[in-house]
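Numbering (the working numbering), first residue to last: 125 to 752. Backbone N, C-alpha and C define an ideal beta-carbon position, used for all residues, glycine too. Inspection log for the structure reproduced underneath, given as structure tokens.
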């Protein structure tokens, strides 16, 4: 059932148009993920749909009496309220009912003979009973505990930024609604809590609209994807993995159409240059068509971040930690830890919040001193520290001023010297954006600017503390590719499971009490080894494991049916390849029938899977035959 219709909304920020002519519907069974680079207006669009902001043009139509709950990136709270009071301050029918009941009950204690109060309390008691709210405080405390908040009487002002975000998340999760809108809900959550939130949202009834950079989270929760790209909205059915495939097809289709448009444009341009005079209706129509072609181009390269920054030479000695311990009062976070880090290390650091992950980075960076043991850095080590809090960023500066304070120019990996302004353009800050004050930037744009500042120092050891927070997926993919070629050591604290699997080959686990577990492999390998379970492995891992299982279980002899299949397997593979080429060619043809394109895409995937299966079988059959 359709609950909300977004109709041709537009939003600008100063002279910049974030998006325009954005239209889509939200049904009650939709779980929608919103994707787009930082600064494209994702958060602005969520605020408009939540009714917290107005579009410049267009409207959001809500059908019937629908309840919407909204989690912003930076929730505003009463700093003097306690944790429980803050949850109960949410303006919902349920919390209002419980507050009214408690208020009348308190008044009745002071005036027990007041019949009007007795009647009102009885009425409220029936409503609380009808809404099953007698155990609401227990429900609230359970959710808060799952989100890592256990001191329910603590003042909100005494909470960290991450704890306040989790408190706000608890408030919206506990409020019944038809549409739940979440802006970066996984920021500041540890991996176990993210697993719990996945399960909660998948089983929750009602629509969901959220912005998140967590690709595993998107894969497991959403069934629709919206992409904001160059001010336009694109819709895709399915989760993140399906989005990746369908976007590639869309870009390929647009590329073909743009090539045809350019060919037609060149022919029209040649005609215009011949000096044809627009005297007839036909000639005027042709000039109008030329002008339309000039304005209709599709920018297929705009918005591609170029992470091409040089790094300093690094010697063989990087970081040596010998019997290092660190405690804060009675809280031991690191106990007798020793390690030798080489120049090509890719280490991921995981564990619950407060276990000492960031402390380890601060010890290596020299921001903290160990209680015992020693830390020795190599002579050539040049540390680049990307902290959670974007340290030393003066938000009163303009973006270009902040970068120029770090360096007026930088070298690229190819040895080219480029100015600070040119490097900012490569980081998707155009000439206008470079002169915007940092205080006016979105959270994601600030993080991207901060990352550029760190890399402008040409470090050869990167300490990354939650680098994926507030960075968009496209920027993360570019960062991951950059780290692939980075000739230095990388240590990263992260709760982004995809990022850890993609980048790291060693995991430092912080199980508690100051202990550190060193495990070879990525995050999935770590949790498989140490007893944690994920509800769904990434698809690429599943395929790899399936292949290993098939190879492990191969028979020493071919069965009769396998021998029959072996005789025709080459012809079967050739037939599959021919059919696959035909479907690929049909997909490359211009078409506006997206239903047909989806069917072709599904057919292509089935053919590719069948061909892969035949190839694996042939490899096994060849091996068995050669061994006999």
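Residue environment, residue i, which counts as buried when at least 16 other CB atoms sit within 10 Å
i: residue 602; result: buried
i: residue 616; result: buried
i: residue 657; result: With a pLDDT of only 36 at residue 657, under 50, the local geometry of the prediction cannot be trusted, and the value read off the model is given with reservation. It counts as exposed.
i: residue 736; result: exposed
i: residue 447; result: exposed
i: residue 233; result: exposed
i: residue 636; result: exposed
i: residue 236; result: exposed
Nonlocal neighbours in the same chain, by C-beta distance under 8 Å from residue i, ignoring five residues either side
i: residue 201; result: 210, 280, 288, 291 and 292
i: residue 336; result: 157, 306, 308, 309, 310 and 342
i: residue 734; result: 700
Residue nearest to residue i in terms of C-alpha spacing, selected from the options
i: residue 131; options: 144, 154, 690 and 745; result: 144
i: residue 250; options: 239, 222 and 273; result: 222
i: residue 466; options: 481, 442, 701 and 505; result: 442
i: residue 743; options: 314, 176, 534 and 693; result: 693
i: residue 369; options: 746, 724 and 734; result: 724
i: residue 464; options: 560, 596 and 502; result: 502
i: residue 323; options: 310, 314, 345 and 306; result: 345
i: residue 181; options: 134, 193 and 227; result: 134
i: residue 555; options: 536, 580, 523 and 584; result: 523
i: residue 160; options: 372, 273 and 353; result: 353
i: residue 205; options: 459, 282, 309 and 172; result: 282
i: residue 476; options: 740, 262, 296 and 312; result: 312
i: residue 774; options: 244, 305, 576 and 594; result: Any answer about residue 774 is impossible in this case: the structure gives the chain only from 125 up to 752.
i: residue 339; options: 597, 570 and 569; result: 597
i: residue 461; options: 454, 494, 273 and 490; result: 494
i: residue 265; options: 574, 274 and 284; result: 274
i: residue 284; options: 199, 226, 486 and 332; result: 199
i: residue 537; options: 621, 317, 485 and 609; result: 609
i: residue 479; options: 548, 641 and 224; result: 641
i: residue 600; options: 213, 551, 366 and 151; result: 551
i: residue 298; options: 193, 643 and 518; result: 193
Unbroken beta strand (DSSP E) run spanning residue i, endpoints
i: residue 552; result: Here residue 552 belongs to no beta strand (DSSP E), and DSSP marks it neither H nor E.
i: residue 132; result: 126–137
i: residue 639; result: 639–644
i: residue 185; result: 181–186
i: residue 462; result: 455–465
i: residue 444; result: 443–452
i: residue 634; result: 630–636
i: residue 356; result: 356–361
i: residue 193; result: 192–195
i: residue 484; result: Not the beta strand (DSSP E): residue 484 falls in the alpha helix (DSSP H), residues 481–489.
i: residue 474; result: 470–475
Beta-carbon contacts of residue i that lie in its chain and below 6 Å, excluding the five residues immediately before and after
i: residue 328; result: none
i: residue 673; result: With a pLDDT of 35 at residue 673, under the threshold of 50, the modelled position of that residue is not reliable, and the figure given next carries that caveat. Taken in chain order, the list of residues that qualify is empty.
i: residue 758; result: Limits of the chain in this structure are 125 at one end and 752 at the other, which puts residue 758 out of reach.
i: residue 561; result: 522
i: residue 580; result: 530, 531 and 534
i: residue 394; result: none
Bridge partners - residue i, DSSP secondary structure assignment
i: residue 155; result: 332
i: residue 543; result: 533
i: residue 588; result: 510 and 616
i: residue 567; result: Looking at the DSSP assignment, residue 567 forms no beta bridge with any residue, so it has no partner.
i: residue 140; result: 137
i: residue 148; result: 130
i: residue 173; result: BP columns for residue 173 are empty, so no partner.
i: residue 500; result: 444
i: residue 278; result: Answer is none; residue 278 lacks a bridge partner.
i: residue 163; result: Answer is none; residue 163 lacks a bridge partner.
i: residue 307; result: 335
i: residue 348; result: 156 and 361
i: residue 703; result: DSSP, once it has assigned bridges, lists no residue as partnering residue 703.
Delimiting residues of the alpha helix (DSSP H) encompassing residue i
i: residue 285; result: 285–297
i: residue 249; result: 239–254
i: residue 264; result: 260–270
i: residue 609; result: 597–609
i: residue 322; result: 315–327
i: residue 224; result: 217–234
i: residue 594; result: Run containing residue 594: none; DSSP gives neither H nor E here.
i: residue 93; result: Since the first and last residues shown for the chain are 125 and 752, residue 93 lies out of range.
Own chain residues within Cβ distance below 7 Å of residue i, not counting five before or after
i: residue 148; result: 130, 350, 357 and 359
i: residue 439; result: 502, 503 and 504
i: residue 481; result: 473, 475, 617 and 634
i: residue 500; result: 444
Heavy atom of the ligand ZN within 6 Å of residue i beta-carbon
i: residue 436; result: Summarising the ligand content, the structure contains no ligands, and the ligand ZN is consequently not present.
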